[in-house]
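Asks: Residue numbers (this note's numbering): 261 to 582.
Got a structure for you, questions after.
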């Protein structure tokens, strides 16, 4: 569930459904929650605002001028490069749009930059066109801006994949914690190419002596802020006892030792049974059989070394109660 009119506590759809279905659980869209946490963390980043303004101007530069787009494609052909139409930044989902726009900008850097420089020097281009080109060039030749763009590509790549991951039926929050720890390579590739110098894809960058150290501080602050907002947005998945209990059906979180596994999940299964008791009582549910079946499920999972939710779902279909 997403919009306020769905989850409003007094008159939302969920509140009205609770009158008839008191055991119903309302969970704000995980993919949307993920995107909101990124937006919360980055919306006050001045560099992000500058980059977004540059991307929007860049899109307009080629979207509203067929001549400029044609020239860009001709230059790409001469340089034996492939290039598509620039990406629109706005959309229903912010993450994939800005990710595609930044990816396009960096992949086509060696074509875009010389064409924009040529636009600046051309007297045939309008003042507005030259102004947009100059703004884009100023951003793209700044070493610190490029550091930020490549960091954003790494961050957005992780969140884009997570957003798709969360849209699968069999994902749980435990998988998220492992997935986000994987490092990206865009920033490292950029640093490897530039090194201690000033050249990136044939372009001489403006670089100050303290740029890298300042960026490292900015990076740590930004990553810390993102994590804080992620924790805040996803807190209910751990603080709500019923939602938190659901993670027990993900075998990867189970303990390895036989002794610990014996008691694993008993409290969580009981929590779920009690929460859904009104619904279960109307369907001749055998409450007494739950503990025995849960022990049998764990024994089967352990014996077959199941570690995926799909495998557990198939196994549970063989039991009458669980």
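Quick reminder that beta carbons are idealized off the backbone N, C-alpha and C, glycines included.
Measure the Cβ-Cβ separation of residue 348 and residue 332 and say whether it is below 8 Å.
Replies: no
Asks: Tell me whether residue 463 sits in a helix, a strand or coil according to DSSP, three-state version.
Replies: If DSSP states are grouped into helix, strand and coil, residue 463 belongs with the strands.
Asks: Would you call residue 505 buried or exposed, if buried means 16 or more other Cβ atoms sit within 10 Å of its Cβ?
Replies: buried
Asks: Mind checking who residue 402 pairs with in its DSSP beta bridge?
Replies: Its beta-bridge partners are 466.
Asks: Mind checking residue 280: buried by the 16 CB within 10 Å criterion, or exposed?
Replies: So residue 280 ends up on the exposed side.
Asks: Have a look at residue 320 and residue 452 and give me their C-alpha separation to the nearest angstrom.
Replies: Each residue's alpha carbon lies about 32 Å from the other.
Asks: Looking at the secondary structure, which residues open and close the alpha helix (DSSP H) in which residue 379 lies?
Replies: Where residue 379 is concerned, the enclosing alpha helix (DSSP H) stretches over 369 to 381.
Asks: Going by beta-carbon coordinates alone, are residue 286 and residue 296 separated by less than 8 Å?
Replies: no
Asks: Report buried or exposed for residue 565, applying the criterion of at least 16 other Cβ atoms within 10 angstroms of its Cβ.
Replies: The residue is exposed, with fewer than 16 neighbouring Cβ atoms inside 10 Å.
Asks: Assign residue 542 to one of three DSSP states: helix, strand, or coil.
Replies: coil
Asks: On the DSSP letters alone, give me the boundaries of the alpha helix (DSSP H) that residue 508 sits inside.
Replies: Taken as a continuous stretch (DSSP letters only), residue 508 belongs to no alpha helix (DSSP H), as it is neither H nor E.
Asks: With distances taken Cα to Cα, identify the nearest neighbour of residue 421 among 529, 409, 294 and 315.
Replies: 294
Asks: Suppose contacts are defined by Cβ-Cβ distances below 8 Å. Is residue 214 in contact with residue 463 by that definition?
Replies: Since the first and last residues shown for the chain are 261 and 582, residue 214 lies out of range.
Asks: Quick one: using the 10 Å Cβ neighbour count with 16 as the cut-off for buried, is residue 282 buried or exposed?
Replies: exposed
Asks: Please report the straight-line C-alpha distance between residue 272 and residue 278, rounded to a whole angstrom.
Replies: If you take the alpha carbons of residue 272 and residue 278, they lie about 10 Å apart.
Asks: Could you give the distance in angstroms between the alpha-carbon of residue 482 and the alpha-carbon of residue 507?
Replies: In this model, residue 482 and residue 507 are separated by some 29 Å (Cα to Cα).
Asks: In whole angstroms, give me the CA-to-CA distance for residue 384 and residue 343.
Replies: One C-alpha to the other measures close to 24 Å.
Asks: Can you find the residues in the same chain that come closer than 8 Å, C-beta to C-beta, to residue 442, ignoring five residues on each side of it along the sequence?
Replies: Since pLDDT at residue 442 reaches only 49, below the 50 mark, its modelled position is unreliable, and the value read off the structure follows with that caveat. The answer, listed in chain order, is 418.
Asks: How far does the alpha helix (DSSP H) with residue 520 in it reach, from first residue to last?
Replies: Segment 518 to 523, the alpha helix (DSSP H) holding residue 520.
Asks: Rounded to the nearest angstrom, how far is the Cβ of residue 547 from that of residue 529, given a contact under 8 Å?
Replies: With 8 Å as the limit, residue 547 and residue 529 do not qualify as a contact, their Cβ atoms being about 11 Å apart.
Asks: Going straight from the alpha carbon of residue 555 to that of residue 522, what length do you get?
Replies: 7 Å
Asks: Examine the Cβ distances between the region 403 to 419 and the region 356 to 371 and report whether three or more of them are shorter than 8 Å.
Replies: yes
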